[in-house]
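Read the structure below first, then the notes.
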Amino acid sequence: MTHRIQRLSFSLGLLAALASAGCHDRDEAFDTSLNALTPVTTGASMFFVVPASARAMVANLAQEGAPLRSVPVGLDPVILQARVDGATPRGEALILSRGARGDLGVSPEPGSLTALTAAGVTRRYALGSPFNALAQTDDGRFAMTYFRPQSASGRLLFNPNEVALVDLDAPPSATNPTLRTVRSFGGVPNDVAFSPPIEIGGVPRRFAVVLSDAYVTLLDLDHPARSEVTVRLTLPEDPRAIRPEQVLFDAAEATIYLRAAASNDVYVLKLNAVSATDALQNDYRPTINQLAAGRSPADIALIGDAGARRLLVVSPGSRDARVIDARANTITTVPLDAAANRILLFNAAAPGDATPRDRALLYATGGGVSAVSFLELTDIDARRAQNVETLNLGRGILSALPLLDRGVVMLGHQTSGGLGQLSLLDLARRTAAPIFAEVSLSGAQFDSDRRSLWIAPRGSDRVGFIDLQTFRPGELRLDESTELVVPLRGDAAGRNRVVAVHQGAGGWISVIDANDPRRETVRSLRGYLLSDLLDREGSP
Amino acid sequence: MKTYATTLALACALTVTQRAAAQDVSHTGSPWYAGVVAGPRYHLDGSRDAFSGSTVGFAAGLLVSRDVLPASSRWELAVELGAELEADTGELHQAWRTSVSSVAPFAGVSVRFRLLRWLLPYLRVNAGGTWHEVSLDAMDGSGALTGGAWGFQGSAGLGLMFQTGTFAREGAFRRVRFAFTLEGGAVYAAPVTLEVEPRAPSDEREAADRLPVQRVRLGELDASASYIRLGVGLRF
Numbered sequence: 001m002t003h004r005i006q007r008l009s010f011s012l013g014l015l016a017a018l019a020s021a022g023c024h025d026r027d028e029a030f031d032t033s034l035n036a037l038t039p040v041t042t043g044a045s046m047f048f049v050v051p052a053s054a055r056a057m058v059a060n061l062a063q064e065g066a067p068l069r070s071v072p073v074g075l076d077p078v079i080l081q082a083r084v085d086g087a088t089p090r091g092e093a094l095i096l097s098r099g100a101r102g103d104l105g106v107s108p109e110p111g112s113l114t115a116l117t118a119a120g121v122t123r124r125y126a127l128g129s130p131f132n133a134l135a136q137t138d139d140g141r142f143a144m145t146y147f148r149p150q151s152a153s154g155r156l157l158f159n160p161n162e163v164a165l166v167d168l169d170a171p172p173s174a175t176n177p178t179l180r181t182v183r184s185f186g187g188v189p190n191d192v193a194f195s196p197p198i199e200i201g202g203v204p205r206r207f208a209v210v211l212s213d214a215y216v217t218l219l220d221l222d223h224p225a226r227s228e229v230t231v232r233l234t235l236p237e238d239p240r241a242i243r244p245e246q247v248l249f250d251a252a253e254a255t256i257y258l259r260a261a262a263s264n265d266v267y268v269l270k271l272n273a274v275s276a277t278d279a280l281q282n283d284y285r286p287t288i289n290q291l292a293a294g295r296s297p298a299d300i301a302l303i304g305d306a307g308a309r310r311l312l313v314v315s316p317g318s319r320d321a322r323v324i325d326a327r328a329n330t331i332t333t334v335p336l337d338a339a340a341n342r343i344l345l346f347n348a349a350a351p352g353d354a355t356p357r358d359r360a361l362l363y364a365t366g367g368g369v370s371a372v373s374f375l376e377l378t379d380i381d382a383r384r385a386q387n388v389e390t391l392n393l394g395r396g397i398l399s400a401l402p403l404l405d406r407g408v409v410m411l412g413h414q415t416s417g418g419l420g421q422l423s424l425l426d427l428a429r430r431t432a433a434p435i436f437a438e439v440s441l442s443g444a445q446f447d448s449d450r451r452s453l454w455i456a457p458r459g460s461d462r463v464g465f466i467d468l469q470t471f472r473p474g475e476l477r478l479d480e481s482t483e484l485v486v487p488l489r490g491d492a493a494g495r496n497r498v499v500a501v502h503q504g505a506g507g508w509i510s511v512i513d514a515n516d517p518r519r520e521t522v523r524s525l526r527g528y529l530l531s532d533l534l535d536r537e538g539s540p
Numbered sequence: 541m542k543t544y545a546t547t548l549a550l551a552c553a554l555t556v557t558q559r560a561a562a563q564d565v566s567h568t569g570s571p572w573y574a575g576v577v578a579g580p581r582y583h584l585d586g587s588r589d590a591f592s593g594s595t596v597g598f599a600a601g602l603l604v605s606r607d608v609l610p611a612s613s614r615w616e617l618a619v620e621l622g623a624e625l626e627a628d629t630g631e632l633h634q635a636w637r638t639s640v641s642s643v644a645p646f647a648g649v650s651v652r653f654r655l656l657r658w659l660l661p662y663l664r665v666n667a668g669g670t671w672h673e674v675s676l677d678a679m680d681g682s683g684a685l686t687g688g689a690w691g692f693q694g695s696a697g698l699g700l701m702f703q704t705g706t707f708a709r710e711g712a713f714r715r716v717r718f719a720f721t722l723e724g725g726a727v728y729a730a731p732v733t734l735e736v737e738p739r740a741p742s743d744e745r746e747a748a749d750r751l752p753v754q755r756v757r758l759g760e761l762d763a764s765a766s767y768i769r770l771g772v773g774l775r776f
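Residue numbers (the working numbering), protein chains in the order written: chain A, 1 to 540; chain B, 541 to 776.
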């Protein structure tokens with residue numbers, strides 16, 4: 001009998017041990033933050049990225065009730081961008097991840113760029129370095145990752161002049177991406193601009209122009225194995241920090257125009273064909289020309305037809321506009337009544353001239369100047385100031401949204417004298433009509449076919465919209481205040497949608513039918529960042 | 541469908557119990573047992589941890605059983621009915637206060653062997669339905685998400701029943717005695733898919749005014765666990 005009891009006691013002890021054997025630690029992933037990068041839309045889908053869990057989520061918002069897809073991306077994602085569509089809609093998002101340097105329980109992981117489709121399929125390009133900036137070509141084929149200056153890199157050693165060029169149309173391979181270190185004169189890349197196809201010596205190619213303090217670097221995207229070409233904007237002994245800010249390309253003339261902060265000149269880089277001795281040698285050589293552009297040039301634009309292009313510059317410091325012919329080395333100065341720091345080119349009629357012609361609107365943002373200038377570009381060299389018409393608006397401009405297909409510019413103003421914060425500037429009639437609004441243009445977004453403009457004032461549970469056919473305003477009440485509005489491409493039935501992103505734990509959006517903006521047609525989605533929470537790989 | 545199956549199983553179990561009650565078949569003369577059980581559950585899957593601050597849960601329940609074998613046997617066969625509740629709270633993603641509860645009505649049988657007058661090792665199996673419910677209250681005050689789902693659950697365990705003598709030799713308490721149980725076993729819970737949606741406002745006008753919402757799929761909750769359970773009750 002005693003033996004039986006002993007056996008029973010042993011059995012019960014074993015049972016208790018077995019029962020507790022299934023015990024496990026709580027997954028730390030359940031305790032990480034759900035704060036997400038600013039979401040982006042492409043096609044009919046919206047993409048979200050949660051850095052702490054290194055996951056991306058895709059929601060097809062055109063289909064009601066469509067499940068959200070959750071996929072892992074590289075560790076420490078820092079940038080989420082919609083991939084530029086180019087000629088054909090791609091419906092992809094790009095996620096730049098810095099990787100991990102390795103820590104207790106975290107294996108080292110190189111930086112990476114993940115291309116994510118709306119179907120949740122990913123291509124991951126290993127970049128190696130923890131880049132923190134991303135730029136794309138206009139057609140979305142190439143992406144360049146680089147280091148934008150920041151206080152800390154999070155690594156013991158890194159090379160700030162390293163860049164990676166990714167061919168997004170090609171799968172990841174040993175040669176894709178191409179890693180390069182651009183030549184440095186002590187600076188680091190501030191920005192990257194991509195050229196359209198430029199034909200040199202009969203061979204079209206695109207360039208990446210890496211902008212650094214006092215110099216620029218040209219990379220031939222179609223011949224990534226060739227060495228880069230660096231062009232200094234100052235003499236070696238010149239200590240000025242000339243910082244290139246704006247780049248324009250004249251593809252027909254194989255010319256690059258640069259405007260730089262802290263410089264009163266514009267820089268003209270002519271890319272001349274030269275004969276190359278081997279395939280790895282560049283077949284072009286740039287020459288630089290430096291032209292005076294008034295005091296503190298603030299904006300540049302190309303005017304004229306291909307083959308006869310000239311550069312229009314506005315310089316608020318000298319309150320003038322200049323037309324620069326880089327080939328002839330001539331400059332035409334046009335004095336302005338009102339200083340301007342922005343150029344808007346348009347083609348429209350004018351009072352007294354029913355023929356649509358190329359013209360320019362010159363205006364100043366910042367609120368300090370209350371007049372705008374209309375500049376006739378025809379015969380500007382001879383007529384100069386006679387081609388300028390000044391229109392006094394009575395208040396300064398903070399921002400401008402051109403609606404050139406409607407022939408108007410929507411201007412945002414400071415509130416003053418009971419006037420609304422918005423006005424519509426008719427480019428042909430040259431009149432400004434106020435729109436009474438309690439909101440600013442900040443964060444305003446067009447819907448995907450620019451039929452309406454959407455504004456979400458902070459702290460309000462309402463979003464405002466303006467029908468751009470009739471310029472009739474309206475508003476829509478939602479269930480929560482809106483952080484930002486994001487346009488979504490229309491579905492097969494041609495219905496456009498606008499997504500209002502709210503602040504709320506786990507994600508909160510309202511999908512608005514832009515064609516029929518009523519409360520009854522809105523649908524809300526909350527907690528989508530928790531989607532597939534229980535099925536994730538990280539769960540034990 | 542799961543609800544109908546559970547109801548049918550309960551009805552069958554009740555019929556068997558009522559027939560058995562027509563005769564006093566217990567050797568002890570105490571064919572009924574009613575008691576409470578409670579104890580830790582060691583979950584085998586991490587999905588429940590999303591809503592719980594601890595990986596070890598705690599379940600409690602009520603149990604009623606009726607012996608159905610003749611009294612002469614050293615073996616006791618009992619049919620039983622009961623329900624268990626397991627509830628936990630926790631935090632999720634530094635943003636939500638969470639709670640999860642599982643209510644499991646069940647029916648089953650247990651086979652006891654009278655080793656000593658006061659000691660009865662037993663084997664117990666049961667099955668039933670389970671209603672799982674989760675709630676996530678946003679710490680930033682932006683509201684709560686809730687969801688629930690029915691699932692199937694079955695369990696099997698081995699245990700010991702310790703029983704006292706009857707309270708009295710004659711009279712109303714001649715059959716009444718205390719019983720204590722110590723049991724270990726495993727619960728198989730079929731994984732259920734959980735979806736959540738914002739909790740509707742309590743005010744009818746506000747609820748009617750709310751924008752239509754789309755449910756979010758959280759994934760599959762697997763509540764299978766091993767357990768240890770202590771019980772106390774009366775045999776009569």
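Yeah, the Cβ is synthetic: ideal placement off N, Cα and C, and Gly gets one too.
Worksheet item: Once you ignore the five residues that flank R285 (chain A) on each side, which residues in its own chain have a CB closer than 6 Å to its CB?
Response: Position 285 of the first sequence, counted from the start, is the residue given in the question as residue 285 (chain A). Closer than 6 Å at Cβ, skipping near neighbours: N272, V274.
Worksheet item: How about L68 (chain A) and A62 (chain A): do their beta carbons lie closer than 8 Å?
Response: Position 68 of the first sequence, counting from 1, holds the residue named residue 68 (chain A). Position 62 of the first sequence, counting from 1, holds the residue named residue 62 (chain A). No.
Worksheet item: When you compare each of B:R717, B:P752, B:E760, B:R745 to E516 (chain B) by their alpha carbons, which one comes out closest?
Response: Look at the range of chain B in this structure, 541 to 776, and you will see that residue 516 (chain B) is not part of it.
Discussion item. According to DSSP, is Q563 (chain B) part of a helix, a strand, or is it coil?
Written reply: Translated into the one-based positions of the second sequence, residue 563 (chain B) becomes position 23. Caution is warranted here: a pLDDT of 38 is assigned to Q563 (chain B), below 50, making its placement in the model unreliable, and no coordinate value can be reported.
Practice prompt. Give me whichever residues DSSP pairs with V772 (chain B) in a beta bridge.
Written response: The count along the second sequence starts at 1 and reaches residue 772 (chain B) at position 232. B:V576, B:F720.
Discussion item. Considering only the alpha carbon of each residue, which of A:S524, A:P316, A:N190 lies closest to D337 (chain A)?
Written reply: Position 337 of the first sequence, counted from the first residue, corresponds to residue 337 (chain A). Taking only the C-alpha atoms, the option nearest D337 (chain A) is A:P316.
Fill in: Three-state secondary structure assigned by DSSP to A553 (chain B)
Here residue 553 (chain B) refers to the residue found at position 13 of the second sequence. A caution first: A553 (chain B) carries a pLDDT of 39, below 50, which makes its placement in the model unreliable, though a value can still be read off. Residue state, collapsed to three classes: helix.
Worksheet item: Is it the case that the Cβ atoms of A371 (chain A) and R359 (chain A) are separated by a distance below 8 Å?
Response: Residue 371 (chain A) sits at position 371 when you count from the first residue of the first sequence. Residue 359 (chain A) sits at position 359 when you count from the first residue of the first sequence. No, Cβ-Cβ distance for A371 (chain A) and R359 (chain A) is not below 8 Å.
Worksheet item: For the segment 588-604 of chain B, which residues have a CB atom closer than 7 Å to at least one CB atom of chain A, in sequence order?
Response: Under the 7 Å Cβ criterion, the segment 588-604 of chain B contributes D589, A590, T595, V596.
Fill in: Contact set between D680 (chain B) and chain A, taken where Cβ atoms lie within less than 9 Å
Numbered from its first residue, the second sequence carries residue 680 (chain B) at position 140. In chain order: Q503, G504, A505.
Worksheet item: Which whole-angstrom value describes the C-beta separation of P51 (chain A) and Y125 (chain A), a residue pair presumed to lie in contact below a C-beta threshold of 8 Å?
Response: Along the first sequence, one-based indexing puts residue 51 (chain A) at 51. Along the first sequence, one-based indexing puts residue 125 (chain A) at 125. About 19 Å separates the two Cβ atoms, so there is no contact after all.
Item to complete: Mind checking the segment 739-755 of chain B against chain A and listing, in chain order, the residues whose C-beta falls within less than 9 Å of any C-beta there?
Response: D749, R750, L751, P752, V753, Q754, R755
Item to complete: Figure out for me which residue from A:V408, A:D381, A:A364, A:F47 has the closest Cα to the Cα of G396 (chain A).
Response: Position 396 of the first sequence holds residue 396 (chain A). For G396 (chain A), the nearest C-alpha among the options comes from A:A364.
Worksheet item: Tell me, which residues are paired with V732 (chain B) by DSSP?
Response: For this step, residue 732 (chain B) is matched to residue 192 along the second sequence. Bridge partners of V732 (chain B): B:L761.
Worksheet entry | D353 (chain A) - DSSP class collapsed to helix/strand/coil | To locate residue 353 (chain A), count along the first sequence from 1; it is residue 353. The DSSP-derived three-state label of D353 (chain A) is strand.
Discussion item. Using a 10 Å radius around the Cβ and a threshold of 16 neighbouring Cβ atoms, would you call G102 (chain A) buried or exposed?
Written reply: Working through the first sequence from its first residue, we reach residue 102 (chain A) at position 102. G102 (chain A) should be labelled exposed.
Worksheet item: Along the chain, which unbroken stretches of the beta strand (DSSP E) at least 3 residues long are found entirely within the segment 252-292 of chain A?
Response: 255-261, 265-273, 284-292
Worksheet item: Does the distance from the CB of A505 (chain A) to the CB of D680 (chain B) come in under 8 Å?
Response: To locate residue 505 (chain A), count along the first sequence from 1; it is residue 505. To locate residue 680 (chain B), count along the second sequence from 1; it is residue 140. Contact: yes.
Discussion item. Please list, in chain order, the chain B residues whose beta carbon lies closer than 9 Å to that of T32 (chain A).
Written reply: Locating residue 32 (chain A) in the first sequence gives position 32, where the first residue counts as 1. Under the 9 Å cutoff, chain B gives H633, Q634.
Worksheet item: If we ignore side chains and look at the alpha-carbon of each, how far apart do A689 (chain B) and W671 (chain B) end up?
Response: Along the second sequence, one-based indexing puts residue 689 (chain B) at 149. Along the second sequence, one-based indexing puts residue 671 (chain B) at 131. Each residue's alpha carbon lies about 6 Å from the other.
Item to complete: Can you give me the Cβ contacts of G507 (chain A) inside the same chain, cut-off strictly under 6 Å, excluding the 5 residues immediately before and after it?
Response: Translated into the one-based positions of the first sequence, residue 507 (chain A) becomes position 507. Correct list, in chain order: Y528, L529.
Worksheet entry | Test: L761 (chain B) CB closer than 8 Å to a CB of chain A | Position 221 of the second sequence, counted from the first residue, corresponds to residue 761 (chain B). For L761 (chain B), the answer is yes, since a Cβ of chain A falls inside 8 Å of its Cβ.
Worksheet item: Quick one: does R654 (chain B) have its CB under 8 Å from some CB of chain A?
Response: Sequence index remark: in the second sequence, residue 654 (chain B) carries index 114 (1-based). No, no contact with chain A.
Worksheet item: Cβ of G459 (chain A) less than 8 Å from any chain B Cβ?
Response: By one-based count along the first sequence, residue 459 (chain A) stands at place 459. Taking Cβ atoms only, chain B never reaches closer than 8 Å to G459 (chain A), which makes this a no.
Fill in: Backbone secondary structure at R226 (chain A) - three-state DSSP
As a working mapping, residue 226 (chain A) is identified with position 226 in the first sequence. Of the three classes helix, strand and coil, the one that applies to R226 (chain A) here is coil, per DSSP.
Worksheet item: In terms of residues, what are the limits of the beta strand (DSSP E) holding D364 (chain A)?
Response: Along the first sequence, read from residue 1 onward, the residue named residue 364 (chain A) stands at position 364. Note on identity: in this sequence residue 364 (chain A) is Ala, with Asp being the wrong assignment. From DSSP, A364 (chain A) is part of no beta strand (DSSP E); its letter is neither H nor E.
Discussion item. Using C-beta distances below 7 Å, list every residue in its chain close to R406 (chain A), excluding the 5 sequence neighbours before and after it, in chain order.
Written reply: By 1-based counting over the first sequence, the position of residue 406 (chain A) is 406. L468, listed in sequence order.
Item to complete: State the Cα-Cα distance for the pair Q563 (chain B) and P610 (chain B), rounded to the nearest angstrom.
Response: Walking along the second sequence from the start, residue 563 (chain B) turns up at place 23. Walking along the second sequence from the start, residue 610 (chain B) turns up at place 70. Residue confidence for Q563 (chain B) is low, a pLDDT of 38 falling below 50, so the modelled location carries little weight; the figure read from the coordinates is stated next. Answer to the nearest angstrom: the Cα atoms are 9 Å apart.
Practice prompt. Starting from Q136 (chain A), follow its DSSP beta bridges and name the residues at the other end.
Written response: Translated into the one-based positions of the first sequence, residue 136 (chain A) becomes position 136. Beta-bridge annotation (DSSP): Q136 (chain A) is paired with A:A143.
Worksheet entry | Identity of the residue in A:V121, A:T122, A:I95 nearest G111 (chain A) by Cα | What you label residue 111 (chain A) is simply residue 111 of the first sequence in a count that begins at 1. Looking at the Cα atoms, A:I95 is the closest of the given residues.
Worksheet item: Using a Cβ-Cβ cut-off of 6 Å (strictly less than) and excluding sequence neighbours within five positions of G683 (chain B), which residues of its own chain qualify?
Response: Taking the second sequence and counting its residues from 1, one reaches residue 683 (chain B) at position 143. Cβ within range, chain order: P738.
Worksheet item: For D479 (chain A), is the classification buried or exposed, using 16 other Cβ atoms within 10 angstroms of its Cβ as the cut-off for buried?
Response: As a working note, residue 479 (chain A) is residue 479 in the first sequence. D479 (chain A) comes out buried.
Worksheet item: So, is L393 (chain A) buried or exposed, given that buried needs 16 or more other C-beta atoms within 10 angstroms?
Response: For this step, residue 393 (chain A) is matched to residue 393 along the first sequence. Buried: at least 16 other Cβ atoms inside 10 Å.
Fill in: Cβ of R757 (chain B) within 8 Å of any chain A Cβ
In the second sequence, counting from the first residue as 1, residue 757 (chain B) sits at position 217. Yes - at least one Cβ of chain A is within 8 Å of the one on R757 (chain B).
Worksheet item: So does the segment 582-602 of chain B actually touch the segment 27-45 of chain A, counting three or more Cβ pairs closer than 8 Å?
Response: yes
Worksheet item: Can you list, in chain order, the residues of the segment 524-537 of chain A whose Cβ is nearer than 7 Å to any Cβ on chain B?
Response: Per Cβ criterion, the list reads S524, L525, R526, G527, Y528, L530, S531, D532, L533, L534, D535.
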